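*Asks:* Per our numbering, the sequence shown starts with residue 74, numbered consecutively. Input: one structure, supplied below.
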Amino acid sequence: MPGPSKSMTRQVAALDTDWFCGEALGAVNAAFLLLDGKSRVRVAGGAIQSLLDYSAKDLTGKPLSLVIPDKAIYEQVKDQLRLRDKIQLPIRVQRGDGQSIPIMLSSAPVTPPDGYPYRQMLLLSPAETALEAQDALAARNAQLATFSRISNLIAEGGELKALMEKLLLISMQILRLPMACIHSLDRRTGFARVVAHRGMPKEIISGIADLPYEPTWIQNHLIEQLPLRLVDWPGLGERLRGKINEARLGDARVSLLVSKGQIFGSLIYLAMNPPNAEDQALLEAIAGQLALAIEKDQLLQDLRESQRKYSTLIEWANDGIMICQDGVFKFVNKRLADMLEYTVSDMVGMDITRIMTIEERDLMLDRYQRRISGRVPKEIYQGDLLSRGGKTVTVEFNATTIEYEGRPASMSFIRDLSERIALQNELIAEKETAEFYNDVLTHDVNNMLHIIVGNMDLLGDEMFGRLNENQEKQRQKALSGARRCANLIDRVRELMTIRHLNPSSFIPLPLPRMLQESLEIVREQFSDTPFTAELSVQPNQFILGHQLAGQIFVNLMSNAIRHNSKEQKWLAISVTDSPDGQHWQIQVEDNGDGIPNLVKQQIYKRYARFSEKGGLGLGMSIVKALVDVMGGSIAMADRSTDNIREGTRFTVTLPKA
């Protein structure tokens, strides 16, 4: 009897092997599938019944698609099996009762002995935890994608309220918040105003429309980095707190919107569940993005305000302004356009040579090219421009090199000198006229006055007969008026001389002799008025000045005697060294009537008089003018701090020779 064929032997071996694997793996608390080369189940064992609700017999010989009905996943597994790749994949399978459950599918290729049909071994185990982690990861990826969308929206910008509405909606979706509200802090008022809200009752929103910010309290919580309860926010008031609790918003939290250590607002929210660590981190990240959006809006507002102020300054500036590049005007303000009888739109884009005169065109172009090349970055010069109507306008250029649209350009501030030149010419003409009248006054009129004085003196000498008492009185009045007028002319001449003094012509002058001569002039002037004088000087004391310097002390001494109503009058003159060692300090002190405080403020003004005791009101103005032109100073003080009627002390400081 012939023996069994080889094919029959292989079939018997396969059946024996199937039986052996099923029995062996069934003793293990796991589910196994052994597949052949066509992805059909050859052995099903282990915990297959409890896991898939199939018996081993139900699955044997069946295709793998029976438990993996999702065609895409089935094809993915099949391709990997065909490539004999290792698989570790969380998938969903269909149980025998029709229920879809998550499992972890693991596989490895099998290389059995010749004749064994197995090509892949699959291990199936419960995978709730793995799939939950996968779902959580997918959710987190979605959150991150949404967070990226928030960042993109902020980068795109836009009107703050509309942007905040979008960001609030996205934030509520990503964090699963039933209600939320965003405040933006107004730095000027210290209050935060609502810019976006959703889900909150109207009475609560109206109550927190302007949220007070108490800097110290907030700074303390900012350091703690803790979410704050809305009902604990300072300044809300008990009534509003009650409404918040009635609306079941007692658990509503406030997260500060902080960027670079600065608070820009707050996010008020109510979470359905206490946030975990990841949600809290995401919340803080979103708060940071909201702060960034508010900060960006505030910076844009500040920029717009600066641009508005700058534009107003440029447009209404007294000077013309122009920016030139590539030989054309890139910008001009209205003042320059008006100055040259153009409109702004006419000049922008126009060749710069059209406003240059033929005489100065080459020079101006050379200056322009030197600035553009960087050889002369800044210069101030005067020149002529040509108006639209052909009129020449004399201007002053204050020009510099700037970068405009990424390239060098010339920016110039242009001041119209036409009015200044006309005013200078007018002043020159007036000065010449004044000098002419001054010459007439100080020469011709003064000569006439001396003739009058001479004839009055002749009348007094009785050369034309004796005058009666009334005639003598009238002669004295005429003589006094003529002398006062001549004195006035002399003082005006002195002031004119002082105005034209040149410091380079100053010479060393001995103070002792100057003060002694000044005192003798005053004694002669007040020969009918007894007074005593003390002079304290040293032989080696010299000042650097002009011969007119003696008038300083003549005026001070004569004022000291003239304005003294006491019977025993005295004055003291002394010279001391200054603290810096570079000047002499000359003090003129008297026991006169003193100078009222109101008069002290105006004493150096021309024609200022502080009593009715004569004088032209020019003496102290001459003193001040002389001291100033010689580089000195003058100070006055009451001789007694308790009583101004005790006299005055003048201190004149003049440079040493």
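Backbone N, C-alpha and C define an ideal beta-carbon position, used for all residues, glycine too. Given the structure is predicted, the values throughout are model-derived calculations rather than measurements.
#1: Pull up the distance between the alpha-carbon of K639 and that of Q655, whole angstroms please.
#2: For A730 versus L617, is the C-beta spacing smaller than 8 angstroms?
#3: Between V401 and V417, is the Cβ-Cβ spacing less than 8 angstroms?
#4: Give the range of the beta strand (DSSP E) segment to which M709 is assigned.
#5: Please identify the residue among A129, I176, Q371 and S112 whose C-alpha is closest to the C-alpha of L156.
#6: State the start and end residues of the unbroken alpha helix (DSSP H) segment that holds P585.
#7: Please go through the segment 230 to 284 and give each complete beta strand (DSSP E) segment of 3 or more residues, from N-terminal end onward.
#8: Would the beta-carbon of L629 be found less than 7 angstroms away from any heavy atom of the ligand GDP?
#9: For V304, report the span of its beta strand (DSSP E) as first-last.
#10: Out of V672, P669, D653 and T649, point me to the one whose CA is closest to Y661's CA.
#11: Would you tell me roughly how many angstroms separate the C-alpha atoms of L178 and A120, rounded to the nearest one?
#12: Could you tell me the distance, in whole angstroms, from the CA atom of G263 to the CA atom of Q371?
#13: Roughly how many angstroms lie between the CA atoms of E567 and I695, to the nearest whole one?
#14: When the Cα atoms are used, what is the spatial distance from V304 to S279?
#15: Between V116 and S173, what straight-line distance do the alpha-carbon atoms span, to the nearest angstrom?
#16: Pick helix, strand or coil for E567, following the three-state DSSP scheme.
#17: How long is the line joining the alpha carbons of S553 and N471, rounded to whole angstroms?
#18: Tell whether a beta-carbon distance below 8 angstroms holds between L459 and T430.
#19: What are the complete beta strand (DSSP E) segments, minimum 3 residues, inside the segment 432 to 483?
#20: Helix, strand or coil: which one does DSSP assign to M630?
#21: Here's the rule: buried if 16 or more other CB atoms are within 10 angstroms of the residue's CB, otherwise exposed. What is E368?
#22: Going by C-alpha distance, which of N716, V267 and E719 is nearest E238?
#23: Where does A730 fall in DSSP's three states?
#24: What residue does the beta strand (DSSP E) around V405 start on, and which one ends it?
#25: Just to confirm, is the Cβ distance from I625 to V702 under 8 angstroms?
#26: Which residue comes first and which comes last in the beta strand (DSSP E) that contains G119?
#27: Do you know whose CA, among L490, I247, G479 and M420, lies nearest Y454's CA?
#28: Starting from the Cα of N391, find the closest Cα among A320, R488, E469 and Q374 and give me that residue.
#29: Please list the terminal residues of the continuous alpha helix (DSSP H) segment that includes M529.
#30: List in chain order: all unbroken alpha helix (DSSP H) runs of 4+ residues lying wholly within the segment 303 to 348.
#31: Name the residue from S591, A698, L106 and T570 whose alpha carbon lies nearest to the alpha carbon of D131.
#32: Report yes or no: do three or more beta-carbon pairs, one from the segment 581 to 593 and one from the segment 543 to 552, lie closer than 8 angstroms?
#33: What did DSSP end up calling L617 once you bin it into helix, strand or coil?
#34: Can you list, in chain order, the residues of its chain with a C-beta nearer than 6 angstroms to that of S706? Leave out the 5 residues immediately preceding and following it.
#35: How long is the line joining the alpha carbons of H619 and S578, rounded to whole angstroms?
#36: So for L689, helix, strand or coil by DSSP?
*Replies:* From the atom records:
#1: Sequence index remark: in the sequence shown, residue 639 carries index 566 (1-based). Sequence index remark: in the sequence shown, residue 655 carries index 582 (1-based). Spanning the two alpha carbons is a distance of roughly 37 angstroms.
#2: The count along the sequence shown starts at 1 and reaches residue 730 at position 657. The count along the sequence shown starts at 1 and reaches residue 617 at position 544. Yes, these two residues count as a Cβ contact at 8 angstroms.
#3: In the sequence shown, counting from the first residue as 1, residue 401 sits at position 328. In the sequence shown, counting from the first residue as 1, residue 417 sits at position 344. Contact flag unset, no.
#4: Taking the sequence shown and counting its residues from 1, the one referred to as residue 709 is at position 636. S706 to D711 is the extent of the beta strand (DSSP E) around M709.
#5: Residue numbering aside, residue 156 sits at position 83 when the sequence shown is read from its first letter. The residue with the shortest Cα to Cα distance from L156 is S112.
#6: Working through the sequence shown from its first residue, we reach residue 585 at position 512. Its alpha helix (DSSP H) spans residues L584 to Q598.
#7: 252 to 259 and 264 to 271
#8: Ligands in the displayed structure: none, and consequently the ligand GDP is not present.
#9: Looking up residue 304 in the sequence shown gives position 231. No beta strand (DSSP E) contains V304, which DSSP labels as neither H nor E.
#10: Working through the sequence shown from its first residue, we reach residue 661 at position 588. One point to set straight first is that residue 661 is Val, not Tyr, in the sequence displayed. The residue with the shortest Cα to Cα distance from V661 is T649.
#11: One-based indexing of the sequence shown puts residue 178 at position 105. One-based indexing of the sequence shown puts residue 120 at position 47. Going by the C-alpha atoms only, they are around 14 angstroms apart.
#12: Stepping through the sequence shown from its first residue, residue 263 is reached at position 190. Stepping through the sequence shown from its first residue, residue 371 is reached at position 298. Those two C-alpha atoms are separated by around 15 angstroms.
#13: As a first step, residue 567 must be located in the sequence shown, where it is residue number 494. As a first step, residue 695 must be located in the sequence shown, where it is residue number 622. Each residue's Cα considered, the two are about 8 angstroms apart.
#14: What you label residue 304 is simply residue 231 of the sequence shown in a count that begins at 1. What you label residue 279 is simply residue 206 of the sequence shown in a count that begins at 1. Between V304 and S279, the C-alpha separation is close to 15 angstroms.
#15: Along the sequence shown, read from residue 1 onward, the residue named residue 116 stands at position 43. Along the sequence shown, read from residue 1 onward, the residue named residue 173 stands at position 100. Distance between the alpha carbons of V116 and S173: 22 angstroms.
#16: The residue you call residue 567 lines up with position 494 of the sequence shown. Helix, per DSSP.
#17: As a first step, residue 553 is located in the sequence shown; it is residue number 480 there, counting from the start. As a first step, residue 471 is located in the sequence shown; it is residue number 398 there, counting from the start. Using only the alpha carbons, I get a separation of about 59 angstroms.
#18: Along the sequence shown, one-based indexing puts residue 459 at 386. Along the sequence shown, one-based indexing puts residue 430 at 357. Against a cut-off of 8 angstroms, the Cβ pair of T430 and L459 comes out as a contact.
#19: 451 to 459 and 465 to 477
#20: The residue given as residue 630 occupies position 557 in the sequence shown. Looking at M630 - three-state DSSP - the assignment turns out to be helix.
#21: To locate residue 368, count along the sequence shown from 1; it is residue 295. E368 should be labelled buried.
#22: Working through the sequence shown from its first residue, we reach residue 238 at position 165. Ranking the options by Cα distance to E238, first place goes to V267.
#23: Counting from one through the sequence shown, the residue named residue 730 turns up at place 657. In the structure shown, A730 sits in coil (DSSP, three-state: anything other than H, G, I, E or B).
#24: The residue labelled residue 405 in the question sits at position 332 within the sequence shown. Per DSSP, V405 belongs to the beta strand (DSSP E) from V401 to V405.
#25: Here residue 625 refers to the residue found at position 552 when the sequence shown is read from its first residue. Here residue 702 refers to the residue found at position 629 when the sequence shown is read from its first residue. Cβ atoms of I625 and V702: not closer than 8 angstroms.
#26: As a first step, residue 119 must be located in the sequence shown, where it is residue number 46. First-last of the beta strand (DSSP E) with G119: V114 to G119.
#27: Here the question's residue 454 lines up with position 381 in the sequence shown. If we check each option's Cα against that of Y454, L490 comes out closest.
#28: The residue labelled residue 391 in the question sits at position 318 within the sequence shown. Nearest C-alpha to N391: R488.
#29: Position 456 of the sequence shown holds residue 529. Its alpha helix (DSSP H) spans residues N519 to G533.
#30: 311 to 319
#31: Within the sequence shown, numbered from 1, the residue matching residue 131 stands at position 58. For the residues S591, A698, L106 and T570, the minimum Cα distance to D131 belongs to L106.
#32: no
#33: Your numbering for residue 617 matches position 544 in the sequence shown. The answer is strand: DSSP assigns L617 an E or B state.
#34: Sequence index remark: in the sequence shown, residue 706 carries index 633 (1-based). Contacts found: T726.
#35: Along the sequence shown, read from residue 1 onward, the residue named residue 619 stands at position 546. Along the sequence shown, read from residue 1 onward, the residue named residue 578 stands at position 505. Cα to Cα, H619 sits roughly 8 angstroms from S578.
#36: Along the sequence shown, one-based indexing puts residue 689 at 616. For L689, the pLDDT reaches just 45, beneath the cut-off of 50, and the residue's location in the model is therefore unreliable, although a value from the coordinates is still provided. The answer is coil: DSSP assigns L689 none of H, G, I, E or B.
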